[in-house]
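Here is the structure we will look at.
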Amino acid sequence: MTSHAASDHPDIEKVLISEEEIRDRLSVLGKQISQAYEGEQVVVTAVLKGAFIVLADFARSLEVDTIFDFMAVSSYGASTKSSGVVRILKDLDVEIEGRHVLIVEDIVDSGLTLSYLLKNLRARGPKSVEVMALLVKPDAAKVDIGVKWTGFEVPNEFVVGYGLDYDERYRNLPYIGTLKPEVYS
Ligand code: XMP
Ligand code: MG
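Per our numbering, the sequence shown starts with residue 1, numbered consecutively.
If you want it as structure tokens, here you go:
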């Protein structure tokens with residue numbers, strides 16, 4: 001049987017964050033977040049689709065009473081630029097009034113998506129709302145969102161893998177990487 005390193009994917013230009021680095025960082029964040037919510041219940045809310053892999057891996061290092069729920073919002077489609085238009089495609093199933101909410105995001109770029117989500121969720125009267133994002137881009141610092149827990153900072157390039165897609169592809173790659181320019185054309 002032949003095997004090859006996943007980073008051999010022909011469309012990947014560069015691996016920015018390896019599988020091991022992600023695993024280690026998520027387990028550290030899992031411990032920190034478990035401490036922060038010790039003795040409390042938290043509604044862990046992943047934003048689909050991008051956050052599904054982060055959530056699955058990170059969930060296993062959480063040692064608090066958790067309820068998992070999902071939201072889906074409109075995203076970029078095949079484009080790599082934010083449209084600024086956020087639409088809720090799937091709302092939470094659970095009521096969050098009086099509960100702690102932790103939003104799990106794959107990536108925060110302009111922060112537009114997240115600021116909309118935060119406003120929307122805060123209007124429902126939760127006990128608290130915090131954000132954990134695997135990746136943040138430099139522009140995220142410009143918006144006053146306050147991502148409490150961050151995995152990694154990435155440069156201002158389009159990245160794929162570990163849940164992140166380009167035109168719905170590459171989500172399955174176990175690392176974060178950039179695409180070769182010819183993939184976009
Ligand atoms: P904003 O700009 O609203 O963007 O903070 C957040 C959402 O945009 C998508 N996004 C990316 N998706 N590679 C991706 O695959 C990227 O480099 C990237 N940058 C932003 C993503 O859906 C995120 O939730
Ligand atoms: Mg997303």
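Note that CB positions come from ideal geometry on N, CA and C, so glycine has one too.
Checklist entry - Enumerated in chain order, which unbroken segments of the beta strand (DSSP E) with a length of 3 residues or greater are wholly contained in the segment 6-86? => result Those beta strand (DSSP E) runs which fall completely within the segment 6-86 and span 3+ residues are 12-17, 41-48 and 65-73.
Checklist entry - So, helix, strand or coil for M1, using DSSP? => result Position 1 of the sequence shown, counting from 1, holds the residue named residue 1. For M1, the predicted structure reports a pLDDT of 45, less than 50, and the residue's modelled location is therefore unreliable. The matter cannot be settled from this model.
Next on the checklist: So, does the segment 54-69 touch the segment 6-21, judging by three or more C-beta pairs under 8 angstroms?
Outcome noted: Contact between the segment 54-69 and the segment 6-21 is absent, because fewer than three Cβ pairs lie under 8 angstroms.
Next on the checklist: I want to check one thing, is the minimum distance from the CB of F158 to the heavy atoms of ligand 1 below 8 angstroms?
Outcome noted: Position 158 of the sequence shown, counted from the first residue, corresponds to residue 158. When distances are taken from the beta-carbon of F158 to the heavy atoms of ligand 1, the shortest one is below 8 angstroms.
Item to check | Segment limits, beta strand (DSSP E) that includes L102 | outcome: Within the sequence shown, residue 102 is the residue found at index 102, counting from 1. For L102, the enclosing beta strand (DSSP E) has its first and last residue at H100 to V108.
Next on the checklist: What does the alpha-carbon distance come out to for the pair H4 and K119?
Outcome noted: The residue labelled residue 4 in the question sits at position 4 within the sequence shown. The residue labelled residue 119 in the question sits at position 119 within the sequence shown. Caution applies to H4, whose pLDDT of 47 falls short of 50 and renders its modelled position unreliable; the value that the coordinates give is listed next. Taking the straight line joining both Cα atoms gives about 45 angstroms.
Checklist entry - Just to check, is the beta-carbon of G177 closer than 8 angstroms to a non-hydrogen atom of ligand 1? => result For the purposes of this step, residue 177 is taken as residue 177 along the sequence shown, with counting starting at 1. No, the Cβ of G177 stays beyond 8 angstroms of every heavy atom of ligand 1.
Item to check | Reduced DSSP category for V154 - H, G, I as helix; E, B as strand; rest coil | outcome: Stepping through the sequence shown from its first residue, residue 154 is reached at position 154. In the structure shown, V154 sits in coil (DSSP, three-state: anything other than H, G, I, E or B).
Next on the checklist: At a threshold of 8 angstroms, does K137 count as lining ligand 1 (C-beta to nearest heavy atom)?
Outcome noted: Along the sequence shown, one-based indexing puts residue 137 at 137. Flag set: Cβ of K137 near ligand 1.
Checklist entry - Do G50 and ligand 1 come close, with the Cβ less than 8 angstroms from some heavy atom? => result As a working mapping, residue 50 is identified with position 50 in the sequence shown. For ligand 1, at least one heavy atom lies less than 8 angstroms from the Cβ of G50.
Checklist entry - Would DSSP call L147 helix, strand or coil? => result Here residue 147 is taken as the residue at index 147 of the sequence shown, counted from 1. As written in the sequence, residue 147 is Val, which differs from the Leu given in the question. For V147, the secondary structure class from DSSP, reduced to helix, strand or coil, is coil.
Next on the checklist: Please classify G30 as buried or exposed, where buried requires at least 16 other C-beta atoms within 10 Å of its C-beta.
Outcome noted: Position 30 of the sequence shown, counted from the first residue, corresponds to residue 30. Counting Cβ neighbours within 10 Å, G30 comes out buried, since at least 16 surround it.
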